[in-house]
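See structure below.
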Amino acid sequence: MSNVKKLSIAFTHDMAGLVKSAVSNGEYGSVSEAVREAMRDWASKRERQQAEIEYLRGAWKQGVENGAGRFRSIDELLTEAHQRHKS
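To convert, take the position in the sequence shown, counting from 1, and add 222; that gives my numbering.
Structure (structure tokens):
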């Protein structure tokens with residue numbers, strides 16, 4: 223592997239056991255392989271979360287730019303939502 227940087231990390235006893243168990247069961251060839259996959263999953267999840275945050279920021283901005291809504295309170299909104307759900 224070119225472009226590899228070694229890091230020292232500390233796991234809780236339980237986390238270390240999970241990783242070692244996955245390696246000993248043959249799910250991964252090494253602890254490093256298991257941790258790399260976990261990091262890829264974390265990076266993917268983080269990317270999705272950032273995209274969701276940007277979407278919500280855009281929706282919020284659009285809502286603010288559209289002005290006041292027709293409901294004066296959350297209670298009014300919930301009342302109408304319940305009425306619509308019943309019908």
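Backbone N, C-alpha and C define an ideal beta-carbon position, used for all residues, glycine too.
Within 10 angstroms of the beta-carbon of VAL226 lie fewer than 16 other beta-carbons, which makes it exposed. With a beta-carbon spacing of about 18 Å, ALA232 and ALA244 fall beyond the 8 Å limit used to define contacts. Collapsing the DSSP output to three states places ARG294 in coil. In the three-state DSSP reduction, LEU300 falls in the helix class (H, G or I). Inter-residue distance for GLU276 and TRP282 is about 10 Å (C-alpha atoms, whole angstroms).
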